[in-house]
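Enquirer:
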Amino acid sequence: MPESDRASPQQLLRDIWGYSSFRGMQQPIIEHVAGGGDALVLMPTGGGKSLCFQIPALLRDGVGIVVSPLIALMQDQVAALHELGLRAAFLNSSLDAAKAREVQARARAGDLDLLYMAPERLLSESGLRLLEQCRPALFAIDEAHCVSQWGHDFRPEYGQLEILRERWPQVPRVALTATADIPTRNEIAQRLLLDDARSFVSSFDRPNIRYRVVEKRDGRSQLAQFIRDEHTGDCGVVYALSRNSVEEVAALLAAQGIKALPYHAGLAADVRARHLRRFLDEDAVVMVATIAFGMGIDKPDVRFVAHLDMPRSIEGYFQETGRAGRDGLPAQAWMAYGLADVVQQRRLIELGEADDAHKRLSTAKLDAMLALAEAADCRRVRLLGYFGEASQPCGNCDNCLQPPELVDATEAAQKLLSTVYRCRQASGISFAATHVIDVLRGKSGDKVLRFGHESLSTFGIGADWPEQDWRVLLRQLVAQHLLEVDSAHFNVLRLTDGSREVLRGTRRVGLRRQAPAAARRRRGAAAAKPALQAQPADAALFETLRAWRAEVAREHGVPAYVVFPDATLHAIAASRPLDLDALRSISGVGDKKRDTYGPALVRLIAEQA
Ligand code: ADP
Ligand code: ZN
Numbered sequence: 019m020p021e022s023d024r025a026s027p028q029q030l031l032r033d034i035w036g037y038s039s040f041r042g043m044q045q046p047i048i049e050h051v052a053g054g055g056d057a058l059v060l061m062p063t064g065g066g067k068s069l070c071f072q073i074p075a076l077l078r079d080g081v082g083i084v085v086s087p088l089i090a091l092m093q094d095q096v097a098a099l100h101e102l103g104l105r106a107a108f109l110n111s112s113l114d115a116a117k118a119r120e121v122q123a124r125a126r127a128g129d130l131d132l133l134y135m136a137p138e139r140l141l142s143e144s145g146l147r148l149l150e151q152c153r154p155a156l157f158a159i160d161e162a163h164c165v166s167q168w169g170h171d172f173r174p175e176y177g178q179l180e181i182l183r184e185r186w187p188q189v190p191r192v193a194l195t196a197t198a199d200i201p202t203r204n205e206i207a208q209r210l211l212l213d214d215a216r217s218f219v220s221s222f223d224r225p226n227i228r229y230r231v232v233e234k235r236d237g238r239s240q241l242a243q244f245i246r247d248e249h250t251g252d253c254g255v256v257y258a259l260s261r262n263s264v265e266e267v268a269a270l271l272a273a274q275g276i277k278a279l280p281y282h283a284g285l286a287a288d289v290r291a292r293h294l295r296r297f298l299d300e301d302a303v304v305m306v307a308t309i310a311f312g313m314g315i316d317k318p319d320v321r322f323v324a325h326l327d328m329p330r331s332i333e334g335y336f337q338e339t340g341r342a343g344r345d346g347l348p349a350q351a352w353m354a355y356g357l358a359d360v361v362q363q364r365r366l367i368e369l370g371e372a373d374d375a376h377k378r379l380s381t382a383k384l385d386a387m388l389a390l391a392e393a394a395d396c397r398r399v400r401l402l403g404y405f406g407e408a409s410q411p412c413g414n415c416d417n418c419l420q421p422p423e424l425v426d427a428t429e430a431a432q433k434l435l436s437t438v439y440r441c442r443q444a445s446g447i448s449f450a451a452t453h454v455i456d457v458l459r460g461k462s463g464d465k466v467l468r469f470g471h472e473s474l475s476t477f478g479i480g481a482d483w484p485e486q487d488w489r490v491l492l493r494q495l496v497a498q499h500l501l502e503v504d505s506a507h508f509n510v511l512r513l514t515d516g517s518r519e520v521l522r523g524t525r526r527v528g529l530r531r532q533a534p535a536a537a538r539r540r541r542g543a544a545a546a547k548p549a550l551q552a553q554p555a556d557a558a559l560f561e562t563l564r565a566w567r568a569e570v571a572r573e574h575g576v577p578a579y580v581v582f583p584d585a586t587l588h589a590i591a592a593s594r595p596l597d598l599d600a601l602r603s604i605s606g607v608g609d610k611k612r613d614t615y616g617p618a619l620v621r622l623i624a625e626q627a
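Under my numbering, the sequence shown has 436 at position 418, and the numbering climbs by one with no breaks.
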């Protein structure tokens with residue numbers, strides 16, 4: 019693209035990408051990097067990080083080198099650049115020797131705008147030699163949090179990327195990540211020697227994502243119902259903790275006619291690769307996966323992320339849910355949460371190999387996550403607050419849309435805790451939740467009679483509450499360390515220092531109660547539904563366009579969203595352009611796509627008129 023030397027960032031954005039204006043901090047970042055400055059870019063998923071190095075690479079002489087940790091990610095980004103008419107290639111272990119030589123020759127000849135490299139490839143002797151022989155326009159270090167040892171995406175090779183500054187001190191480096199927590203940011207800057215870099219910190223809010231936490235009863239049926247009711251025909255990701263559970267849930271959803279596929283480290287590599295390809299390329303695939311899945315998955319039209327098990331930190335939750343709705347269209351983050359999640363996660367920390375300091379840190383992170391799950395106020399305010407960002411109630415989370423009732427449950431908590439205490443005192447052993455709730459509610463089953471607990475003074479004092487309410491209260495107490503579940507001993511309940519404060523009356527307990535179902539339906543139905551489904555002005559035309567896109571994607575061997583994202587298809591369906599100029603004015607249609615797809619699209623639209 020020789021004329022790019024003279025083009026402005028705006029012109030490139032308009033002509034190549036077909037977008038009318040920059041988003042958020044894109045423009046200052048692009049100007050800074052194009053001018054030779056180093057940058058640390060912190061932007062949420064879907065914020066538009068790619069342009070922040072792609073446009074400067076076009077503006078500067080030489081080839082933009084992009085370090086990227088995942089092969090699938092590189093392939094799709096390069097395919098997307100080809101669709102835009104740019105000269106891009108990648109070097110990673112998926113290429114055979116001949117193909118790799120060809121790419122290297124193009125890089126040396128200055129015949130590439132962008133070259134994506136796996137870190138180990140770049141750091142190899144031949145990789146570094148190649149960089150000596152071509153002229154790097156800039157280094158972009160994508161998914162830069164991989165340099166952090168604390169995060170779960172740690173990649174040792176990322177730690178050696180400091181060599182880039184040592185060998186090419188004049189070449190600007192831009193590190194990009196969607197990881198919002200401050201320790202990780204600091205570690206990135208430190209390890210990549212970005213001390214002179216300018217930081218560009220965007221808001222981490224993802225306003226199009228609706229956060230929801232539901233009380234887990236039968237999580238799997240709740241999930242199936244959620245998908246059936248609200249996401250028929252949508253693409254989504256479901257996270258579960260264990261491989262077993264991944265397999266079972268995928269089978270259960272598939273049996274209900276949902277295109278669900280399992281993905282976990284125990285599957286053969288070729289099965290995994292096939293499932294990933296289908297998820298990326300086809301419409302309406304639901305990927306059921308362990309958390310290992312998803313880093314760097316660039317698919318923009320994921321309409322929901324569902325958690326069947328609670329993540330162990332807010333960082334993890336934010337990163338995983340962030341994979342929904344990159345295209346900016348409405349999306350949902352749904353999580354089923356129950357007492358078992360609390361118990362299981364605490365146990366995982368306890369059993370872990372980590373030293374005490376690390377265990378304390380893990381416990382603190384888990385507690386923050388629990389507080390988010392138990393919250394009765396705006397989830398987004400809490401989420402952003404965790405990352406140091408102040409905000410106002412969002413109107414797009416479950417608690418904003420259907421505010422739960424918050425009641426003073428101190429007295430009830432005292433009843434529960436004293437029942438735990440009295441059972442133990444009477445029998446010399448501790449009991450689990452079911453037994454304690456039976457005693458509270460005055461149910462004289464076998465076990466209650468066997469231990470003589472029907473004669474305890476607390477027997478039946480909680481008869482006015484249904485079992486479910488006691489379970490919710492119990493879970494909330496456990497989440498706040500006001501009661502403990504000993505998972506190593508039959509899940510028996512034990513009092514804590516906090517319990518004593520509650521019993522003494524020096525600490526009050528609030529209970530979050532979901533509004534009754536009927537009221538919820540009344541309020542929810544009106545508020546929740548319309549915003550959720552992206553309603554194309556012309557649903558029939560949208561479906562036609564989607565089918566056309568699927569066909570083209572198959573022919574070109576690229577993911578459907580690389581041809582056009584959903585947002586662009588919606589815009590086309592709404593405005594029905596009948597000539598190339600009208601089509602070109604739609605966001606996401608640049609010169610190259612107008613020329614490649616315009617004639618066929620205009621014909622298709624005319625036929626549907
Ligand atoms: P990130 O890497 O930050 O998750 P991407 O770079 O993949 O985000 O961008 C997300 C989506 O937003 C892509 O579909 C991209 O084409 C689109 N996008 C980026 N910048 C703009 C812009 N200025 N105007 C419109 N769409 C944009
Ligand atoms: Zn809210």
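Backbone N, C-alpha and C fix where the C-beta goes; we use that ideal spot for every residue, glycine too.
Report the partner residues of Asp426 according to the DSSP bridge assignment.
Expert: For the purposes of this step, residue 426 is taken as the residue at position 408 of the sequence shown. The partner list for Asp426 (beta bridge, DSSP) reads Gly528.
Enquirer: By DSSP, does Arg230 sit in helix, in strand, or in coil?
Expert: Your numbering for residue 230 matches position 212 in the sequence shown. In this structure, Arg230 counts as strand in the three-state DSSP scheme.
Enquirer: Following a CB-centred definition, is Gly403 positioned closer than 8 angstroms to any heavy atom of ligand 2?
Expert: Within the sequence shown, numbered from 1, the residue matching residue 403 stands at position 385. Answer for Gly403: no, Cβ out of range of ligand 2.
Enquirer: Let me check you understand the geometry: is the CB of Gly64 closer than 8 angstroms to at least one non-hydrogen atom of ligand 1?
Expert: Numbered from 1 along the sequence shown, position 46 holds the residue referred to as residue 64. Yes - ligand 1 has a heavy atom lying nearer than 8 angstroms to the Cβ of Gly64.
Enquirer: Please determine, among Val306, Val289 and Ser263, the residue with the shortest C-alpha to C-alpha distance to Ile276.
Expert: Within the sequence shown, numbered from 1, the residue matching residue 276 stands at position 258. Of the candidates Val306, Val289 and Ser263, the one whose C-alpha sits nearest the C-alpha of Ile276 is Val306.
Enquirer: Could you check if Asn204 is buried or exposed, using at least 16 other CB atoms within 10 Å of its CB as the buried criterion?
Expert: Residue 204 sits at position 186 when you count from the first residue of the sequence shown. It counts as exposed.
Enquirer: For Leu30, verify whether its CB is less than 8 angstroms away from any heavy atom of ligand 1.
Expert: Against the sequence shown, residue 30 aligns to sequence position 12. For ligand 1, not one heavy atom lies less than 8 angstroms from the Cβ of Leu30.
Enquirer: Leaving out the 5 sequence neighbours to the left and right, which residues in its chain are closer than 8 angstroms to Ala372 when beta-carbon positions are compared?
Expert: Within the sequence shown, residue 372 is the residue found at index 354, counting from 1. The answer, listed in chain order, is Ser380.
Enquirer: For a test of your reading of the model: does the CB of Lys117 fall under 8 angstroms from any non-hydrogen atom of ligand 1? Yes or no.
Expert: By 1-based counting over the sequence shown, the position of residue 117 is 99. It does not: the Cβ of Lys117 is nowhere closer than 8 angstroms to a heavy atom of ligand 1.
Enquirer: Given this structure, state the Cα-to-Cα distance separating Arg344 from Cys441, to the nearest angstrom.
Expert: Stepping through the sequence shown from its first residue, residue 344 is reached at position 326. Stepping through the sequence shown from its first residue, residue 441 is reached at position 423. If I take the Cα positions, the gap works out to 52 angstroms.
Enquirer: Using CA coordinates, which residue listed in Ser462, Ser220 and Gly478 is at the minimum distance from Lys433?
Expert: Working through the sequence shown from its first residue, we reach residue 433 at position 415. The shortest Cα separation from Lys433 among Ser462, Ser220 and Gly478 belongs to Gly478.
Enquirer: Quick one: give me the first and last residue of the alpha helix (DSSP H) that Gly254 is part of.
Expert: The sequence position of residue 254 within the sequence shown is 236, counting from 1. Unbroken run through Gly254 is the beta strand (DSSP E), Cys253 to Tyr257; no alpha helix (DSSP H).
Enquirer: Start and end of the alpha helix (DSSP H) containing Met387?
Expert: Within the sequence shown, residue 387 is the residue found at index 369, counting from 1. Asp374 to Glu392 is the span of the alpha helix (DSSP H), which, as asked, contains Met387.
Enquirer: Alpha helix (DSSP H) containing Pro27: first to last residue?
Expert: For the purposes of this step, residue 27 is taken as residue 9 along the sequence shown, with counting starting at 1. Segment Pro27 to Leu30, the alpha helix (DSSP H) holding Pro27.
Enquirer: Between which two residues does the alpha helix (DSSP H) carrying Trp488 extend?
Expert: Within the sequence shown, numbered from 1, the residue matching residue 488 stands at position 470. It spans Glu485 to Ala497 - the alpha helix (DSSP H) in which Trp488 sits, taken as one unbroken run.
Enquirer: Among Val607, Arg612, Ile604 and Ser593, which one has its Cα closest to the Cα of Gln626?
Expert: Locating residue 626 in the sequence shown gives position 608, counting from the first residue. Measuring from the Cα of Gln626, the nearest candidate turns out to be Ser593.
Enquirer: Skipping 5 residues on each side, what residues in its chain have a beta carbon closer than 7 angstroms to that of Asp129?
Expert: Taking the sequence shown and counting its residues from 1, the one referred to as residue 129 is at position 111. Arg105, listed in sequence order.
Enquirer: Quick check: the Cα distance between Thr195 and Ala57, rounded to an integer number of angstroms?
Expert: Counting from one through the sequence shown, the residue named residue 195 turns up at place 177. Counting from one through the sequence shown, the residue named residue 57 turns up at place 39. Rounded to whole angstroms, Thr195 to Ala57 spans 11 angstroms at the Cα level.
Enquirer: Among the candidates Gly370, Leu419 and Ser221, whose CA atom is the shortest distance from the CA of Ala394?
Expert: Here the question's residue 394 lines up with position 376 in the sequence shown. Ranking the options by Cα distance to Ala394, first place goes to Leu419.
Enquirer: Where does Phe6 fall in DSSP's three states?
Expert: The question about residue 6 has no answer, for the chain in this structure spans 19 to 627.
Enquirer: Which whole-angstrom value describes the C-beta separation of Ala242 and Leu270, a residue pair presumed to lie in contact below a C-beta threshold of 8 angstroms?
Expert: Taking the first residue of the sequence shown as 1, we reach residue 242 at position 224. Taking the first residue of the sequence shown as 1, we reach residue 270 at position 252. That pair is a contact at about 7 angstroms.
Enquirer: Note down the Cα distance separating Ala552 from Arg564, rounded to an integer number of angstroms.
Expert: Numbered from its first residue, the sequence shown carries residue 552 at position 534. Numbered from its first residue, the sequence shown carries residue 564 at position 546. For Ala552, the pLDDT reaches just 47, beneath the cut-off of 50, and the residue's location in the model is therefore unreliable, leaving the point undetermined.
Enquirer: Identify which residue in Leu401, Leu495, Leu424 and Val425 has its Cα closest to the Cα of Cys415.
Expert: Working through the sequence shown from its first residue, we reach residue 415 at position 397. When each option's Cα is compared against that of Cys415, the closest is Leu401.
Enquirer: Leu241 lies in the alpha helix (DSSP H); which residues open and close that run?
Expert: Taking the first residue of the sequence shown as 1, we reach residue 241 at position 223. Run containing Leu241: Gly237 to Glu248, per the alpha helix (DSSP H) assignment.
Enquirer: Using a threshold of 9 angstroms, state whether the C-beta atoms of Ala354 and Val323 are closer than that.
Expert: In the sequence shown, the residue the question calls residue 354 occupies position 336. In the sequence shown, the residue the question calls residue 323 occupies position 305. No, they are not a contact pair.
Enquirer: Quick check: the stretch 110 to 128 against the stretch 177 to 194, are there 3 or more CB pairs under 8 angstroms?
Expert: No: fewer than three Cβ pairs fall under 8 angstroms.
Enquirer: What residue from Ala107, Gly66 and Ala97 has the CA that sits closest to Gly82's CA?
Expert: Indexing the sequence shown from 1 puts residue 82 at position 64. When each option's Cα is compared against that of Gly82, the closest is Ala107.
Enquirer: Rounded C-beta distance between Val520 and Val527? I'm assuming under 8 angstroms.
Expert: Your numbering for residue 520 matches position 502 in the sequence shown. Your numbering for residue 527 matches position 509 in the sequence shown. Going by Cβ atoms, the distance from Val520 to Val527 rounds to 6 angstroms, so yes, they are a contact pair.
Enquirer: Count the other CB atoms within 10 Å of the CB of Glu161; is the residue buried (16 or more) or exposed (fewer)?
Expert: To locate residue 161, count along the sequence shown from 1; it is residue 143. Glu161 comes out buried.
Enquirer: Answer yes if the stretch 34 to 44 comes into contact with the stretch 608 to 621, meaning at least three C-beta pairs across the two stretches below 8 angstroms, and no otherwise.
Expert: Yes, the stretch 608 to 621 is in contact with the stretch 34 to 44.
Enquirer: Taking Ile227 as the reference, which of Tyr335, Tyr579 and Arg364 has the closest Cα?
Expert: Stepping through the sequence shown from its first residue, residue 227 is reached at position 209. Among Tyr335, Tyr579 and Arg364, the Cα nearest to that of Ile227 belongs to Tyr335.
Enquirer: For Thr339 and Pro421, what's the separation of their Cα atoms in angstroms?
Expert: Within the sequence shown, the letter at position 321 stands for residue 339. Within the sequence shown, the letter at position 403 stands for residue 421. Those two C-alpha atoms are separated by around 22 angstroms.
Enquirer: Does DSSP classify Leu212 as helix, strand or coil?
Expert: As a position in the sequence shown, residue 212 is number 194, starting the count at 1. DSSP places Leu212 in coil when its eight states are reduced to three.
Enquirer: To the nearest angstrom, how far is the alpha carbon of Ser112 from that of Leu140?
Expert: Here residue 112 refers to the residue found at position 94 of the sequence shown. Here residue 140 refers to the residue found at position 122 of the sequence shown. Computed Cα separation, rounded: 14 angstroms.
Enquirer: Quick one: measure Cβ to Cβ for Val320 and Gly254, integer angstroms, because I've assumed they're closer than 8 angstroms.
Expert: Here residue 320 refers to the residue found at position 302 when the sequence shown is read from its first residue. Here residue 254 refers to the residue found at position 236 when the sequence shown is read from its first residue. Between Gly254 and Val320 the Cβ distance is about 6 angstroms, and since that is below 8 angstroms, they are a contact.
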